[in-house]
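In full-length UniProt numbering, the protein residues as written are 1 to 600.
Here a beta-carbon is modelled for each residue, glycine too, at the ideal position from N, C-alpha and C.
Heads up, the thing below is written out as structure tokens.
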Amino acid sequence: MTDPHGTEPDATTGQRSYAQLSDTELTERIRSGAPTALPATQELGERHLSAVLSYARLCGRTQADADQLADLSFGLAAQETCRGIDPWGPWRHHLLLLVQRVAATWADGGREERLNPAFAEWLGHSGTATGGEAGLPGPRERSPMLGGFLTLSARTRDVLWYSVVEAEPDTVVATFAGVAPHTVPTLRETARGALREAWLRTHLERGGEQTCQGFRGLIEAAVRPDSPRRCDDLDRHLSGCLSCAGVYGDLIRMDEDPRPVIADGLLGWGGTAYVTAEPVDGVPSAEPVGGLPSAGSAAPSPVEPPRPEPPLTPAPPPPYPPVGPTGVAGVAANTPMDGGSTGRWRRRAWTGSRPPATAALVAVAAVAAVALTVALLVSDGDDMAPAGRANTPVPSATPAAPSSDPPPDSPAPTKRPQRPPNPGGMTEPPTTAPATTPPSTAPAPSAPIPDDSFTAVINAASGLCLDIRDQQLEKRTDAVLAQCSGSDTQRWRLDSEGLLHTEADPDFCLDSRGDTDRGVGIWPCSSAEGGNGENLRFAVDRDGVIRPHIAPDFAVTPDGDGSGSEVELRSAEDRNDQRWNAGLGDASADVSVSGPAPAH
Numbered sequence: 001m002t003d004p005h006g007t008e009p010d011a012t013t014g015q016r017s018y019a020q021l022s023d024t025e026l027t028e029r030i031r032s033g034a035p036t037a038l039p040a041t042q043e044l045g046e047r048h049l050s051a052v053l054s055y056a057r058l059c060g061r062t063q064a065d066a067d068q069l070a071d072l073s074f075g076l077a078a079q080e081t082c083r084g085i086d087p088w089g090p091w092r093h094h095l096l097l098l099v100q101r102v103a104a105t106w107a108d109g110g111r112e113e114r115l116n117p118a119f120a121e122w123l124g125h126s127g128t129a130t131g132g133e134a135g136l137p138g139p140r141e142r143s144p145m146l147g148g149f150l151t152l153s154a155r156t157r158d159v160l161w162y163s164v165v166e167a168e169p170d171t172v173v174a175t176f177a178g179v180a181p182h183t184v185p186t187l188r189e190t191a192r193g194a195l196r197e198a199w200l201r202t203h204l205e206r207g208g209e210q211t212c213q214g215f216r217g218l219i220e221a222a223v224r225p226d227s228p229r230r231c232d233d234l235d236r237h238l239s240g241c242l243s244c245a246g247v248y249g250d251l252i253r254m255d256e257d258p259r260p261v262i263a264d265g266l267l268g269w270g271g272t273a274y275v276t277a278e279p280v281d282g283v284p285s286a287e288p289v290g291g292l293p294s295a296g297s298a299a300p301s302p303v304e305p306p307r308p309e310p311p312l313t314p315a316p317p318p319p320y321p322p323v324g325p326t327g328v329a330g331v332a333a334n335t336p337m338d339g340g341s342t343g344r345w346r347r348r349a350w351t352g353s354r355p356p357a358t359a360a361l362v363a364v365a366a367v368a369a370v371a372l373t374v375a376l377l378v379s380d381g382d383d384m385a386p387a388g389r390a391n392t393p394v395p396s397a398t399p400a401a402p403s404s405d406p407p408p409d410s411p412a413p414t415k416r417p418q419r420p421p422n423p424g425g426m427t428e429p430p431t432t433a434p435a436t437t438p439p440s441t442a443p444a445p446s447a448p449i450p451d452d453s454f455t456a457v458i459n460a461a462s463g464l465c466l467d468i469r470d471q472q473l474e475k476r477t478d479a480v481l482a483q484c485s486g487s488d489t490q491r492w493r494l495d496s497e498g499l500l501h502t503e504a505d506p507d508f509c510l511d512s513r514g515d516t517d518r519g520v521g522i523w524p525c526s527s528a529e530g531g532n533g534e535n536l537r538f539a540v541d542r543d544g545v546i547r548p549h550i551a552p553d554f555a556v557t558p559d560g561d562g563s564g565s566e567v568e569l570r571s572a573e574d575r576n577d578q579r580w581n582a583g584l585g586d587a588s589a590d591v592s593v594s595g596p597a598p599a600h
């Protein structure tokens, strides 16, 4: 793998390629900023996005829904890494839990029709669609096994997940976990024993009676794989205690068939189906999955909206590829890719003029997260650095409870608050295309808007500017479309917190009003530090789609194409009227779409 300047690391200097670094080392390089953030994020995408996509396809109702779940989850992981938030566990396991977290926001926002019905039902019954950060309770509280798992050391967790659950070759486990390959077999057995003890301890602490604590040692001895020992006292206790009998049976099953038992316990839903699924590889396709462009290609022209896609047909999972002397799916177990590791989920090479559909998705999602990561880390300016920079304070995971009558110094309460997976910044485009005719392909990104500059925000469909009704700088004033005149109420700036300031009074910002059915207006920017501050935060992707933090799969959209049309939030559907261009802001301005990598 090359560095950002296109050169391979020099082996003579002792520098390792990114494919040879552990997940923890890659995480540190992301936090270190340019130039290491870009290749580190790319490598994590190479390692894990195919697995995330495979799990997302168990959770999404259609393939396009699953693709978006995977993309948003990886982008969210990249953003949180930049902010200094550590993964809950191994990177891949963390990403799978983020799929659930993003899906929970869909279910909580009334969009459960985009999810597998069985998965949506599980979200509701398990309580994962309410409370906690972005709709999920803390991972330690979700199940005794997961709670115990998270008490183990990072190395033990990595070996457990990659070696036992994923059944990766020892060389791959060693690379991901940062250990020597010859130590993996010993670490694997030690890790299984550590999980048994942590799981039982957490289970008894949470659900057992006081008397159950005294049987912990007897249960541990009875489930020991090498020389189990049972006694009459334990038999009598198990016959009368359903809780201990249940965990005893689960521990026995974990010893007999650890992969599905551990996967189910650590994921909560779909674990068995995940570990028995074929790696997502696909066949060459004329078009990428979900209409996403191939890596390195220009953005597609928004000629027509995507056609509805039939739901994924439920089917028994195919047999898991055998793991043996030749590794997975015939790949030699000790043959590294890119000078590093190979494995079940690493994106395969392809032939032909087009990559497989799923590989294209993985590439595009990785590029989107890379663009986000670099944007978060390389900017030195406080005004125009994209939202979520590493030194940006992390908002509270659980916003303050909204009241029916918001106080005068805070925006409307947020019903579905969440941080955006893919924030970005607006960029000044070249003046080459008419305002009313969007280009068929997006030009290469131009230089970012200067830190101290405001720019007009022009709707790609109508050529009208985002403005403030009657130019009234008051709370609750609506945002509208207006003929571009160069007025200071038509000029906006996206700052490092994701706030869109108006030049007419930079103390006023664009406001989502806390829900998707209240329209869009303005509100004092100072409320961004309050409990409903997420209402004021937005993200802008490379297509010029402005997404509110409270609902990242919605977009700022005019309700008409004439001057005076109100602006509201509608489901993001690759529509031309949901794209906004940065321009000069007068009637003669020529504008085009430009910006960071896509964040579909």
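- Judged by DSSP in its simplified three-state form, Glu168 adopts coil rather than helix or strand.
- Scanning Ala551, Gln20, Arg29 and Leu187 for the CA closest to the CA of Thr156 turns up Leu187.
- A direct Cα-Cα distance of roughly 32 Å separates Gly463 from Arg114.
- Residue environment: Gln472 is assigned as exposed (fewer than 16 neighbouring CB atoms within 10 Å of its CB, all protein chains considered).
- Gly89 and Gly110 have their C-alpha atoms some 29 Å from each other.
- Secondary structure within the region 32–84: not one fully enclosed beta strand (DSSP E) run of 3 or more consecutive residues is present.
- Rounded to the nearest angstrom, the gap between the Cα atoms of Val540 and Leu96 is 25 Å.
- For Phe454, there is no enclosing alpha helix (DSSP H), as DSSP marks it with neither H nor E.
- Our two residues, Asp574 and His125, have alpha carbons roughly 33 Å apart in a direct line.
- CA-to-CA, the gap between Val99 and Asn576 works out to about 28 Å.
- With fewer than 16 neighbouring CB atoms inside 10 Å of its own CB, Glu256 falls in the exposed class.
- Counting the other CB atoms within 10 Å of its CB gives Arg29 a total of 16 or more, which places it among the buried residues.
- A straight-line Cα-Cα distance of about 10 Å links Gln68 and Phe74.
- For Arg493, the beta-bridge partners assigned by DSSP are His501.
- Partner residues in a beta bridge of Gly110, as assigned by DSSP, do not exist.
- Taking 8 Å as the upper bound for CB-CB distance, Gly560 and Ala456 are not in contact here, some 19 Å apart.
- With at least 16 other beta carbons inside 10 angstroms of its own, Gly60 counts as buried.
- Within the model, the alpha-carbon separation for Asp511 versus Ala482 is close to 18 Å.
- The residue from Leu72, Ala174, Val165 and His93 with its alpha-carbon nearest to that of Phe554 is Leu72.
- Look at Gly271 here: in three-state DSSP terms it is helix.
- Apart from the 5 residues on each side of it in sequence, Ala198 sits with its Cβ closer than 7 Å to the Cβ of Gly148, Phe149, Thr151 and Leu152 in its chain, given in chain order.
- Taking all protein chains shown into account, Glu112 has 16 or more neighbouring C-beta atoms within 10 Å of its C-beta and is therefore buried.
- About 21 Å separates the CB atoms of Gly530 and Ala479; that is not less than 8 Å, and the two are not in contact.
- In the structure shown, the three-state DSSP call for Thr557 is strand.
- Pro181 sits in a helix when the DSSP states are folded into three classes.
- Relative to Ala191, the option among Trp122, Thr202 and Leu160 whose CA is nearest is Leu160.
- Counted as a single uninterrupted DSSP element, the beta strand (DSSP E) harbouring Ile468 occupies residues Cys465 to Ile468.
- For Arg579, the three-state secondary structure derived from DSSP is strand.
- Of the candidates Leu38, Gly33, Leu44 and Ser32, Leu44 places its Cα closest to the Cα of Gln20.
- An exposed status is given to Gly217, since fewer than 16 other beta-carbon atoms sit within 10 Å of its beta-carbon.
- Restricting attention to Arg491, Cys509 and Asp517, the CA atom closest to the CA of Ser527 is found in Cys509.
- With fewer than 16 other Cβ atoms inside 10 Å of its own Cβ, Asp235 counts as exposed.
- The residue from Ala572, Gly533, Arg491 and Ser54 with its alpha-carbon nearest to that of Ser453 is Arg491.
- Partner residues in the beta bridge of Val540, as assigned by DSSP, are Ile546.
- Judged by DSSP in its simplified three-state form, Glu534 adopts helix.
- Beta-bridge partners assigned by DSSP to Ile522: Leu510.
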